[in-house]
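Novice: Protein chains in written order, with this note's numbering: chain A, 1490 to 1606; chain B, 7 to 119.
Positions of the beta carbon are idealized from the N, C-alpha and C atoms, including for glycine.
Here the structure is a predicted model, which means the values were calculated and not measured.
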Amino acid sequence: GAVVSQHPSWVICKSGTSVKIECRSLDFQATTMFWYRQFPKQSLMLMATSNEGSKATYEQGVEKDKFLINHASLTLSTLTVTSAHPEDSSFYICSARVSTTVSYEQYFGPGTRLTVT
Amino acid sequence: GENVEQHPSTLSVQEGDSAVIKCTYSDSASNYFPWYKQELGKRPQLIIDIRSNVGEKKDQRIAVTLNKTAKHFSLHITETQPEDSAVYFCAASKEGGGFKTIFGAGTRLFVKA
C-alpha cells in the first residue's frame, strides 16, 4: 500500500528559530501533498496544498511567510516553520494523494510533534 | 465555505454493540467521502471510503452509507471490539479545485469490554 513518511517525528526548538519538516511518499508519486495541523483532541486543520513544481495554495488565515512549503519533487514536500513561537507548537501531519486518474485516496504521514520553547 | 459536521463528538458503547457516526456536508459537488481512524499519537488511517455513485459500501464489520440528496453519510461499526476505540474522522472532497479534503471534527469512540 501507499506509504508516507515524515521526518522528524518530533522536534524541540527555541523561539525565533526555524524548523523544517519533510514529507515523503515512499512507494508512489504524489503530485499533490497536503499539510495539516492538529491540536490536542481536535480535528485536522488543512494549512496548505502543495503541488509539485508550483506554488503552494494556502488556506485562509495561514501565513505564507510563516509556513514555507516547497514541493520540489514528486516524492518530497517540505514545510518550514520560520521564526517559530510557542503558539506554533502543534502536531503537523502531511498527506499525499496517489496520482492516478481514478484514485482519490489520501495517505497520511506519521506526523511531527513540534514544541517551541 | 465548505463544511463537514460530525456527530456525536463522543460515543461510548459496550463491546459487541454497534456504533454509528453521522456526518453532513455542505458542498453538493463533493464526490468522495473517506473515513479515517486515528489512535492516540498516531497518523489517521483510511478505513473505508465511498464515492458519490454508490449508496452503500461494506467491508467486514464496517459499512458506510451515503445519501446524496440529504448530503448525509454515516459510518456503521458492528460487533465492536475494544481495539475499535479511537477517534474517527469523516471527510468530504471533490475532484478539481485543488482537491481539498474537509474533515469533520471527529468522534471519540470508547468500546467498553
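Does any CB atom of chain A fall closer than 9 angstroms to the CB of residue 112 (chain B)?
Specialist: It does; some Cβ of chain A falls within 9 angstroms.
Novice: Taking residue 30 (chain B) as the reference, which of B:75, B:20, B:116 and B:53 has the closest Cα?
Specialist: Here the closest residue by C-alpha is B:75.
Novice: Using a Cβ-Cβ cut-off of less than 9 angstroms, list which residues of the region 72 to 83 of chain B approach chain A; keep chain order.
Specialist: Hits within the stretch: zero.
Novice: How would you write the range of the beta strand (DSSP E) that residue 1469 (chain A) sits in, first residue to last?
Specialist: Absent from the model: residue 1469 (chain A). The displayed extent of chain A is 1490 to 1606, so no value can be given.
Novice: Of all Cβ atoms in chain A, is any one closer than 9 angstroms to the Cβ of residue 66 (chain B)?
Specialist: False, the Cβ-Cβ gap to chain A never drops below 9 angstroms.
Novice: So residue 4 (chain B) contacts chain A; which residues on that side make the cut at Cβ distance below 8 angstroms?
Specialist: The displayed coordinates of chain B run from 7 to 119. Any statement about residue 4 (chain B) would go beyond what the structure contains.
Novice: Report yes if the CB atom of residue 1552 (chain A) is closer than 9 angstroms to the CB atom of residue 52 (chain B), and no otherwise.
Specialist: No. Outside cutoff.
Novice: Taking C-beta pairs closer than 8 angstroms, name the residues in chain B that residue 1596 (chain A) reaches, listed in chain order.
Specialist: Under the 8 angstroms cutoff, chain B gives 52.
Novice: Specify the secondary structure class of residue 1529 (chain A) as computed by DSSP and reduced to three states.
Specialist: Coil at residue 1529 (chain A), not helix or strand.
Novice: In terms of alpha-carbon separation, which member of B:115, B:109 and B:116 lies closest to residue 1527 (chain A)?
Specialist: Out of B:115, B:109 and B:116, B:109 has the C-alpha closest to the C-alpha of residue 1527 (chain A).
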